[in-house]
Amino acid sequence: MDIRSLFPLLSQTIDGKPLVYLDNAATSQKPQVVIDTVNELHTSLNGNIHRGVHRMAEQCTARYEAARESVRGYINAAKAHEVIFTAGTTAGVNLVAFAFGERYVKAGDEILVTEMEHHSNIVPWQLLCERKGAALKALPFADNGELRVDMLPSMISKKTKLLAVAQVSNVLGTINPVDEICRIAHALGVPVLVDGAQGVQHGPVDVQQMGCDFYAFSGHKIYGPTGIGALYAKEEYLNEMPPYQGGGDMIKAVTFAKATYADLPYKFEAGTANYIGAIGLGAAIEFSKSISPSAIRLHEEELLRCATERLQSIGGLTIYGNAPRKSGIVSFAFKNIHHLDIAQVLDKQGIAVRSGTLCAEPTMQRYGLTGMVRASFAYYNTLGEVHALAEGLEKAKSILS
Ligand code: PLP
Numbered sequence: 031m032d033i034r035s036l037f038p039l040l041s042q043t044i045d046g047k048p049l050v051y052l053d054n055a056a057t058s059q060k061p062q063v064v065i066d067t068v069n070e071l072h073t074s075l076n077g078n079i080h081r082g083v084h085r086m087a088e089q090c091t092a093r094y095e096a097a098r099e100s101v102r103g104y105i106n107a108a109k110a111h112e113v114i115f116t117a118g119t120t121a122g123v124n125l126v127a128f129a130f131g132e133r134y135v136k137a138g139d140e141i142l143v144t145e146m147e148h149h150s151n152i153v154p155w156q157l158l159c160e161r162k163g164a165a166l167k168a169l170p171f172a173d174n175g176e177l178r179v180d181m182l183p184s185m186i187s188k189k190t191k192l193l194a195v196a197q198v199s200n201v202l203g204t205i206n207p208v209d210e211i212c213r214i215a216h217a218l219g220v221p222v223l224v225d226g227a228q229g230v231q232h233g234p235v236d237v238q239q240m241g242c243d244f245y246a247f248s249g250h251k252i253y254g255p256t257g258i259g260a261l262y263a264k265e266e267y268l269n270e271m272p273p274y275q276g277g278g279d280m281i282k283a284v285t286f287a288k289a290t291y292a293d294l295p296y297k298f299e300a301g302t303a304n305y306i307g308a309i310g311l312g313a314a315i316e317f318s319k320s321i322s323p324s325a326i327r328l329h330e331e332e333l334l335r336c337a338t339e340r341l342q343s344i345g346g347l348t349i350y351g352n353a354p355r356k357s358g359i360v361s362f363a364f365k366n367i368h369h370l371d372i373a374q375v376l377d378k379q380g381i382a383v384r385s386g387t388l389c390a391e392p393t394m395q396r397y398g399l400t401g402m403v404r405a406s407f408a409y410y411n412t413l414g415e416v417h418a419l420a421e422g423l424e425k426a427k428s429i430l431s
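Basically our numbering = 1-based index in the sequence shown + 30.
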């Protein structure tokens, strides 16, 4: 299968040069099947779900629930009602920070994150800690980008109410040993939220084997539409946690005296859901399932190996994150050239990368930097594009030095 031909956007040119899209950790491009699915719903099948009895409403409802089943299967959740549709990873983490926090966190407690988290897995916990008078702690990582899992037991105490950790760092590319982390935390009585934003697009996930209590991801990073994602949460927590938002569809009955809440998962899906996004996400997941996970792994490893080799040989360039288990992300900085300038010169050559703090200021601070450049790969990227990046960087260096 020619994977690139399935993604119409990839064949365009930028200023006459072929687009080299290497910003997949920010968002992935969409295959035709996802575009067609969303388009079909907007043009010929649109009815608000869980409400109307007319056939379009019923068909949309059925397809929304089928999408939930697709997500359930892809992450191997035990039950479909443990999958909550959200607006994305950020929304999922905020849901847990609010609802778990309301139920389980009090003054003097602690929430543990890691030093390599994205702001989306830091700030919601900070807000919770401020609300409750709790404290936020961060598990460090070593210079090569590996989490100091050895320090985890000593950082967990009776006060620790939850551990939140990225499956894959969006800066360092480190694939964290989340199974082991869950085992250690659980042995000490602490539930774990795994931020799957950079993990889920590299092949199916098994939340039961991982053992996490919560798992959040975004649809747009796994070939799906923006504004949709999912949160997996163990039923026992969802039953105990209060609703995050109130509104239509999340209630059983309402009087001015009291409201009773709908069964799972609807208790956590207030208002008109992004059902078109969810159905698009379902199509994206079915698309992902059609690619062999080992083919994805092998190809992305080859891209990473080639990029690391080529970039390492560019004078003045340092790669940050060299953990033994790494995903297709290469972040780097030049000694005397600003990261923004590099990204702009690459853009002029049709090469799209990310630059800046990468929504992970504490990771930048860890290395004493104000920003980095990041190239991130998807299954549709080619070795030719990796070479184009290396040549583009040499050119940028010679222009900017
Ligand atoms: N967590 C990580 C590790 C990420 O890389 C990102 C986005 O880049 C997020 C969370 C937030 O994802 P979103 O903006 O889709 O909610």
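The C-beta atom is built at its ideal place from N, Cα and C for all residues, glycine as well.
- Message: Helix, strand or coil for residue 180? Go by DSSP, reduced to three states.
- Response: helix
- Flag this pair as yes or no: are the beta carbons of residue 363 and residue 348 separated by less than 8 angstroms? yes
- Can you round the beta-carbon distance between residue 231 and residue 406 to whole angstroms, since I take them to be within the 8 angstroms contact cut? At roughly 10 angstroms, the Cβ-Cβ gap does not stay under 8 angstroms, so residue 231 and residue 406 are not in contact.
- Message: Under DSSP, the alpha helix (DSSP H) around residue 120 begins and ends at which residues?
- Response: 119 to 134
- Item | Distance, residue 233 Cα to residue 351 Cα | 22 angstroms
- Distance between residue 379 and residue 333 (C-alpha atoms, nearest Å): 20 angstroms
- Task: Can you have a look at residue 161 and say buried or exposed, based on whether 16 or more other CB atoms are within 10 angstroms of its CB?
- Result: exposed
- Message: Just verifying my parser: in three-state terms, what is the DSSP assignment at residue 265?
- Response: helix
- According to DSSP, is residue 371 helix, strand or coil? helix
- Item | Continuous alpha helix (DSSP H) assignments of at least 4 residues falling wholly in the stretch 178 to 246 | 182 to 185, 208 to 217 and 237 to 240
- Item | Alpha-carbon to alpha-carbon, residue 409 and residue 276 | 39 angstroms
- Query: Is residue 120 near the ligand PLP, judged by its Cβ being under 7 angstroms from some heavy atom?
  - Reply: yes
- Item | Buried or exposed by the 16-neighbour rule on C-beta atoms within 10 Å, applied to residue 197 | buried
- Task: Return helix, strand or coil for residue 424, following the three-state DSSP convention.
- Result: helix
- Message: Can you give me the C-alpha to C-alpha distance between residue 80 and residue 295, rounded to a whole angstrom?
- Response: 13 angstroms
- Message: According to DSSP, is residue 377 part of a helix, a strand, or is it coil?
- Response: helix
- Message: With the cut-off set at 8 angstroms, would you say residue 249 and residue 259 are in Cβ contact?
- Response: yes
- Message: Starting from residue 115, trace the beta strand (DSSP E) in both directions and tell me its first and last residue.
- Response: 113 to 116
- Message: Can you tell me whether residue 78 sits near the ligand PLP, meaning its C-beta is under 7 angstroms from at least one heavy atom of the ligand?
- Response: no
- Query: Would residue 269 be called buried (16 or more neighbouring beta carbons within 10 Å of its own) or exposed?
  - Reply: exposed
- Out of 304, 136, 337 and 201, state which residue places its alpha-carbon closest to the alpha-carbon of residue 414. 337
- Message: Quick check on this structure: which residue in 229, 309 and 282 has the alpha carbon closest to the alpha carbon of residue 357?
- Response: 229
- Could you give the distance in angstroms between the alpha-carbon of residue 140 and the alpha-carbon of residue 189? 5 angstroms
- Any chance the stretch 42 to 51 sits against the stretch 387 to 402, with 3 or more Cβ pairs inside 8 angstroms? no
- Between the stretch 168 to 175 and the stretch 132 to 151, do at least 3 Cβ pairs fall closer than 8 angstroms? yes
- Query: For the 8 angstroms Cβ check, are there 3 or more pairs between the stretch 132 to 139 and the stretch 102 to 117?
  - Reply: no
- Query: Is residue 382 near the ligand PLP, going by C-beta to nearest heavy atom under 7 angstroms?
  - Reply: no
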